[in-house]
């Protein structure tokens with residue numbers, strides 16, 4: 001920084017940094033018109049790209065287990081009335097920091113998580129959710145496809161630890177575990193603090209001893225109310241771990257708990273008796289949060305029984321690694337420009353999404369090859385612990401040495417465009433947000449569907 005700049009006001013300093021960043025901008029061989037033309041009329045072999053992503057070296061946990069995470073990130077398009085297939089996407093932190101539903105294209109991502117604190121994830125798949133699509137059904141099909149490709153690519157073989165899938169509270173973890181029961185997959189999901197689970201039903205001998213007069217044996221045991229500690233009973237496993245960021249972490253586990261299902265919503269058309277999907281409920285309580293917020297406990301449900309203390313620690317530590325996916329979403333949007341193009345067609349948005357995923361994968365593979373080209377105000381980092389942004393700064397030097405499959409751009413001239421003063425005689429069609437009925441009217445949820453499908457209690461938070 002020059003001596004003259006130090007004496008100038010803050011505006012001059014901001015202008016200096018702007019010019020500095022312009023000097024670091026990557027080179028572009030083609031203009032925006034060619035880019036939009038390729039996205040609108042191009043083609044991406046998605047199945048081949050999926051196979052290539054699952055065949056690359058993937059991060060694993062300490063025991064050699066693959067840990068996958070599923071989550072949804074929206075591409076918000078609130079003012080794009082001419083874009084089809086838009087849905088109402090849940091957002092938080094915009095405006096007055098409230099929960100809002102904004103039109104956009106929601107995408108479901110499946111990534112492989114690394115062990116330890118890191119901002120890196122390996123993106124394996126991305127699917128755009130159609131208006132009215134059921135999240136659990138789409139995620140189940142997506143996970144089934146990813147696991148099948150991992151098995152076909154040799155990433156998982158018989159005898160290896162089962163694949164662990166981590167998801168947040170927006171997913172119905174017991175239902176997804178039931179739908180993926182035939183695969184070598186374990187499901188770990190966060191539950192709301194007002195949920196109610198059921199214990200295992202008593203055996204026939206226990207029921208006969210308690211009811212000598214007979215009767216129909218129950219299908220479910222007593223209630224386990226998350227908000228009522230009197231219903232918890234004795235734990236099957238308790239672990240205490242000293243952490244650097246969260247203080248003392250205490251995890252308590254209760255075995256063989258399941259949700260009581262009813263024939264409505266997703267189970268309305270289920271044939272035969274409703275399934276009983278038993279698992280382990282884990283309550284994680286930490287001493288403090290790095291942000292200084294309220295350290296409320298976290299409730300987890302694991303799709304396996306017979307829990308040991310080692311299983312409890314592995315589950316809650318794997319769940320904390322799920323937050324690395326948030327860093328990936330921020331990198332895709334703020335650094336790689338995932339949501340920057342103003343595309344009209346949803347198919348073009350899908351092509352751009354896969355191109356961004358390919359770019360992110362190239363950065364991940366280039367981690368051991370690039371040098372740390374940090375800014376003067378940034379701290380030095382170890383060569384094997386570079387962040388995605390640091391790798392992106394050094395990737396331009398590596399990119400110039402690698403061959404490009406694209407041909408050299410051809411010189412062109414701007415098109416004639418529309419004559420001055422003429423009006424557009426072909427206005428673009430406009431589309432409703434969300435589901436649209438065959439009559440062309442927007443779908444409205446019936447008034448009697450306001451109740452949820454999960455039994456809950458509104459007792460004190462525990």
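Residue numbers (full-length UniProt numbering): 1 to 462. Backbone N, C-alpha and C fix where the C-beta goes; we use that ideal spot for every residue, glycine too.
DSSP state of residue 448 mapped onto helix, strand, coil: Stepping through the chain shown from its first residue, residue 448 is reached at position 448. Interpretation of residue 448 is limited by its pLDDT of 46, a score under 50 that renders its predicted location unreliable; the figure taken from the coordinates is listed afterwards. In this structure, residue 448 counts as helix in the three-state DSSP scheme.
Restricting to runs no shorter than 4 residues, where is the alpha helix (DSSP H) found entirely within the stretch 197 to 227? 204 to 210
Please report the Cβ distance between residue 258 and residue 198, rounded to the nearest whole angstrom; I am assuming they are in contact, meaning their Cβ atoms lie under 8 Å. Locating residue 258 in the chain shown gives position 258, counting from the first residue. Locating residue 198 in the chain shown gives position 198, counting from the first residue. Contact flag correct, Cβ pair sits at about 6 Å.
Based on Cα-Cα distance, which residue from 303, 101, 222, 215 lies nearest to residue 180? Residue 180 sits at position 180 when you count from the first residue of the chain shown. Per the Cα distances, 303.
Residues sharing a beta bridge with residue 421, DSSP: By 1-based counting over the chain shown, the position of residue 421 is 421. DSSP output for residue 421 lists no bridge partner at all.
Using DSSP's beta-bridge definition, name the partner residues of residue 501. Lying before the first or after the last residue shown, residue 501 is absent from the chain, which here runs from 1 to 462.
In terms of alpha-carbon separation, which member of 290, 262, 206, 308 lies closest to residue 256? By 1-based counting over the chain shown, the position of residue 256 is 256. Taking only the C-alpha atoms, the option nearest residue 256 is 308.
How many angstroms separate the CA atom of residue 435 from the CA atom of residue 220? As a working mapping, residue 435 is identified with position 435 in the chain shown. As a working mapping, residue 220 is identified with position 220 in the chain shown. Taking the straight line from one Cα to the other gives about 37 Å.
Hey, how far is the Cα of residue 22 from the Cα of residue 109? As a first step, residue 22 must be located in the chain shown, where it is residue number 22. As a first step, residue 109 must be located in the chain shown, where it is residue number 109. For residue 22, the predicted model reports a pLDDT of 44, less than 50, meaning its position is unreliable and no value from the coordinates is stated.
Who does residue 413 pair with in a DSSP beta bridge? Here residue 413 refers to the residue found at position 413 when the chain shown is read from its first residue. Beta-bridge pairing links residue 413 to no other residue.
Taking the alpha-carbon positions, what's the residue 364 to residue 77 distance? Position 364 of the chain shown holds residue 364. Position 77 of the chain shown holds residue 77. Residue 364 and residue 77: Cα-Cα distance of roughly 29 Å.
Counting along the chain, where does the alpha helix (DSSP H) carrying residue 356 start and finish? As a position in the chain shown, residue 356 is number 356, starting the count at 1. 346 to 365 is the extent of the alpha helix (DSSP H) around residue 356.
Give every residue of the same chain whose Cβ lies closer than 8 Å to the Cβ of residue 62, excluding the five residues on either side of it in the sequence, and list them in chain order. Indexing the chain shown from 1 puts residue 62 at position 62. Take residue 62, set aside five residues on each side of it, and the residues of its chain with a beta-carbon closer than 8 Å to its own are 115, in chain order.
Answer with buried or exposed for residue 211, where buried requires no fewer than 16 other C-beta atoms within 10 angstroms of its C-beta. Start at 1 with the first residue of the chain shown, and residue 211 comes out as number 211. Residue 211 comes out exposed.
Three-state secondary structure assigned by DSSP to residue 100: Mapped onto the chain shown, residue 100 falls at position 100. Strand.
Classify residue 229 as helix, strand or coil using the three-state DSSP reduction. For this step, residue 229 is matched to residue 229 along the chain shown. In the structure shown, residue 229 sits in a helix (DSSP, three-state: H, G or I).
Which two residues bound the contiguous alpha helix (DSSP H) that contains residue 32? As a first step, residue 32 is located in the chain shown; it is residue number 32 there, counting from the start. From DSSP, the alpha helix (DSSP H) with residue 32 extends over 32 to 41.
Let me confirm a value: residue 433 is counted as buried when at least 16 other C-beta atoms fall within 10 Å, else exposed. Which label applies? Taking the first residue of the chain shown as position 1, residue 433 is located at position 433. With 16 or more other Cβ atoms within 10 Å, it is buried.
Are the Cβ atoms of residue 124 and residue 51 separated by less than 8 Å? Position 124 of the chain shown holds residue 124. Position 51 of the chain shown holds residue 51. No, the Cβ-Cβ distance between residue 124 and residue 51 is not below 8 Å.
For residue 262, tell me which candidate among 246, 188, 83, 275 has the shortest Cα-Cα distance. By 1-based counting over the chain shown, the position of residue 262 is 262. The candidate whose alpha carbon is nearest that of residue 262 is 275.
So, do the stretch 163 to 171 and the stretch 311 to 322 have three or more beta carbon pairs nearer to each other than 8 Å? The stretch 163 to 171, when compared against the stretch 311 to 322, does touch it at the 8 Å Cβ threshold.
Between which two residues does the beta strand (DSSP E) harbouring residue 178 extend? Translated into the one-based positions of the chain shown, residue 178 becomes position 178. First-last for residue 178: 173 to 179, but that is the alpha helix (DSSP H), not the beta strand (DSSP E).
Give me the DSSP bridge partner(s) of residue 337. As a first step, residue 337 is located in the chain shown; it is residue number 337 there, counting from the start. Answer by DSSP bridge pairing: none, since residue 337 is not bridged.
Entirely enclosed beta strand (DSSP E) segments - the stretch 309 to 334, minimum 3 residues: none
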